[in-house]
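Undergrad:
There are 2 protein chains.
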Amino acid sequence: MSQPTTKDRILDAAEVQFARDGFHFASLRSITKEADVNLAAVNYHFGSKESLLEEVLKRRLIPLNTIRKERLEAVRAQAEDEGRAPTPEAVLAAFIEPTIQFCCKEPGAENFSTLVGRAITEPDDTIRNVFIHHVMPIFLFFFELLQKSLPTLKADTVFWKLHFALGATTHTMRIFGNLELLPEGLNRDVDVDQLVDELMTFVIAGVKS
Amino acid sequence: MSQPTTKDRILDAAEVQFARDGFHFASLRSITKEADVNLAAVNYHFGSKESLLEEVLKRRLIPLNTIRKERLEAVRAQAEDEGRAPTPEAVLAAFIEPTIQFCCKEPGAENFSTLVGRAITEPDDTIRNVFIHHVMPIFLFFFELLQKSLPTLKADTVFWKLHFALGATTHTMRIFGNLELLPEGLNRDVDVDQLVDELMTFVIAGVKS
DNA sequence: ATTTGATTCAAACGTTTGTTTTAATCAGGC
DNA sequence: GCCTGATTAAAACAAACGTTTGAATCAAAT
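Protein sequence lines, in the order shown, are assigned to chains D and B.
Going by the working numbering, the first sequence opens with residue 1, and the numbers climb by one from there.
Going by the working numbering, the second sequence opens with residue 210, and the numbers climb by one from there.
1. In this structure, how does DSSP classify His233/B when only helix, strand and coil are distinguished?
2. Within the chosen definition, does the stretch 95 to 109 of chain D reach the stretch 161 to 173 of chain D through at least 3 CB pairs nearer than 8 Å?
3. Hey, is Met345/B close to the ligand MN, as in C-beta under 7 Å from one of its heavy atoms?
4. Applying the criterion that 16 or more other CB atoms from any shown protein chain within 10 Å of the CB defines a buried residue, is Ala14/D buried or exposed?
5. Please identify, using Cβ separations under 8 Å, the residues of the stretch 155 to 188 of chain D that lie next to chain B, in order along the chain.
6. When DSSP labels each residue in this structure, what does Gly326/B get in the three-state scheme?
7. Please confirm if Gly22/D has its CB atom under 8 Å from at least one CB of chain B.
8. Looking at chain D, is there any beta carbon in it that lies within less than 8 Å of the beta carbon of Pro346/B?
9. List, from N- to C-terminal side, the alpha helix (DSSP H) runs of 4 residues or more that fit wholly inside the stretch 9 to 73 of chain D.
10. Quick check: Pro392/B and Phe143/D, are their CB atoms within less than 8 Å of each other?
11. Could you check what DSSP says for Lys314/B in three-state terms: helix, strand or coil?
12. Check whether the Cβ of Arg29/D lies closer than 8 Å to any Cβ atom in chain B.
13. Thinking Gly416/B and Pro297/B are a contact (beta carbons under 8 Å), I'd like their distance in whole angstroms, please.
14. Thinking just about the alpha-carbon of each residue, which of Pro4/D, Lys161/D and Glu180/D is nearest to the one in Ile341/B?
15. Taking 8 Å as the CB-CB limit, is Phe131/D close to chain B?
16. Taking 7 Å as the limit between beta carbons, can you name the residues of its chain near Phe255/B, skipping five residues before and five after?
17. For my contact list, Arg9/D and Asp36/D are in at a C-beta cut-off of 8 Å; report their separation, rounded to the angstrom.
18. Taking the alpha helix (DSSP H) that Asp193/D falls in, what are its first and last residues?
19. How would you write the range of the alpha helix (DSSP H) that Thr335/B sits in, first residue to last?
20. Taking only beta-carbon atoms, is Ser209/D less than 8 Å away from chain B?
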């Protein structure tokens, strides 16, 4: 097979270093050195450092959102076919399961969870705007379905429960990507599927509480 | 009353700008201008920009940890007096309630939640080390008590449940500090005490699940 | 073989940053 | 009034950054 293109080599190196060092610490000099391309290649192919980050995020976000949307849509369709509201279990699973599995299992996407976990709190407008632009539509779809699955609750209550669940999810992804923080005596070989199960049990109980 | 000292004016301005713009975007020139002190005052009083951040974090973290430690210790002592294990409700409340209330109610601490929420994911070693150094002991105490309150569960399970709860908590603090992200039609005047109640109900149900 | 357009390269540019320096200023004790 | 140590002030420093430039190189089509 042929050598990856310059663009792809830059994207790969940038993803690793943005995740490891943060957007502002990861210099173009360091990224292009690791990618073994010329410094000017970033501005030639992407225009700017910020556009590069945008492409790094989009390369993972778009496929992930496709999966999440398909699963949410399937939950909506099946409930409609059976003439009932979707269950909170199905709605939560449709969003959370692919989120964690994508980040932990997709080859090369290990760093993506770190990147996403950080993008939410990022003060930089460019980063947050990319994130909001790509995540907000799927978030609203998620919110809408969860409201239907919990018809007795006020929208505000559902909103906060949803964020409690999202917070647990994203925080778990960050810890999973930083297992050196584990106290002694704990199992370092964490099984992703089992972790997802435990997380799902937790948030389902919380949402129904 | 007298004008705050140079050191305090720097700390106040730095806290605001570190939270608003992030550690690397907030320049010493901007901070010292807002504090109305000379640029060199930071290096004179604190030694470096990183040491300044350390002092900004410590100024809030130390009182907060004192409160959390007192409440956890009270839970431990009462359970021991009554010859029983502490309840998960009491343990979770002892940690989470002061955390949120401190950030939302302490005058001048509004920005602290943003700062803390970001410090967890910060790639910069200095920032993370300050945070880990000050938070790890109280975290381990929290972990130890929660294990006692859930004697039938494995340590690994308790650890992850604890992090699910912490993730929900810190994420809530971030959203609370960024209410402009709320979808339309939702109540923007969020009552902190009620939010803490809903969060506590959520994580207690999750931890017991 | 030549031309053409896209890509790569080395070098430099202009800006901003945290930090350091050196002198000026201030407050308190003798 | 003078001395002393602490603080403030203005200016300069050195390093790092993202970006731009213009020439060199390459691949494909004519």
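Idealized CB from N, CA, C, for every residue including glycine.
TA: According to the data block:
1. Here residue 233/B refers to the residue found at position 24 when the second sequence is read from its first residue. Here His233/B sits in coil by DSSP.
2. yes
3. Among the components of this structure there are no ligands whatsoever, and the ligand MN is therefore not found.
4. Residue 14/D sits at position 14 when you count from the first residue of the first sequence. It counts as buried.
5. Of all residues in the stretch 155 to 188 of chain D, those with a C-beta nearer than 8 Å to a C-beta of chain B are Ala155, Asp156, Thr157, Phe159, Trp160, Lys161, His163, Phe164, Ala165, Leu166, Gly167, Ala168, Thr169, Thr170, His171, Thr172, Arg174, Ile175, Leu181, Leu182, Pro183, Gly185, Leu186 and Asn187, reading in chain order.
6. Looking up residue 326/B in the second sequence gives position 117. Gly326/B: helix per DSSP, three-state reduction.
7. Position 22 of the first sequence, counting from 1, holds the residue named residue 22/D. Answer yes: the Cβ-Cβ gap between Gly22/D and chain B drops below 8 Å somewhere.
8. On the second sequence, residue 346/B is found 137 positions in, with the first residue counted as 1. With 8 Å as the cut-off, Pro346/B does not count as an interface residue toward chain D.
9. 28 to 35 and 41 to 45
10. Working through the second sequence from its first residue, we reach residue 392/B at position 183. Working through the first sequence from its first residue, we reach residue 143/D at position 143. Contact: yes.
11. Along the second sequence, one-based indexing puts residue 314/B at 105. Three-state DSSP puts Lys314/B in a helix.
12. In the first sequence, the residue the question calls residue 29/D occupies position 29. No, no contact with chain B.
13. Stepping through the second sequence from its first residue, residue 416/B is reached at position 207. Stepping through the second sequence from its first residue, residue 297/B is reached at position 88. For the record, residue 416/B in the displayed sequence is Val; it is not Gly. Going by Cβ atoms, the distance from Val416/B to Pro297/B rounds to 5 Å, so yes, they are a contact pair.
14. Residue mapping note: residue 341/B aligns to position 132 of the second sequence, counting from 1. Of Pro4/D, Lys161/D and Glu180/D, the residue nearest in Cα terms is Glu180/D.
15. Taking the first sequence and counting its residues from 1, the one referred to as residue 131/D is at position 131. It does not; no Cβ of chain B falls within 8 Å.
16. The sequence position of residue 255/B within the second sequence is 46, counting from 1. Within the same chain, Phe255/B has close Cβ partners Leu261 and Glu264.
17. Position 9 of the first sequence, counted from the start, is the residue given in the question as residue 9/D. Position 36 of the first sequence, counted from the start, is the residue given in the question as residue 36/D. So it is a contact: roughly 7 Å between Cβ atoms.
18. Numbered from 1 along the first sequence, position 193 holds the residue referred to as residue 193/D. For Asp193/D, the enclosing alpha helix (DSSP H) stretches over residues Val192 to Lys208.
19. The residue given as residue 335/B occupies position 126 in the second sequence. Asp334 to Ser358 is the span of the alpha helix (DSSP H), which, as asked, contains Thr335/B.
20. Indexing the first sequence from 1 puts residue 209/D at position 209. Yes, contact with chain B.
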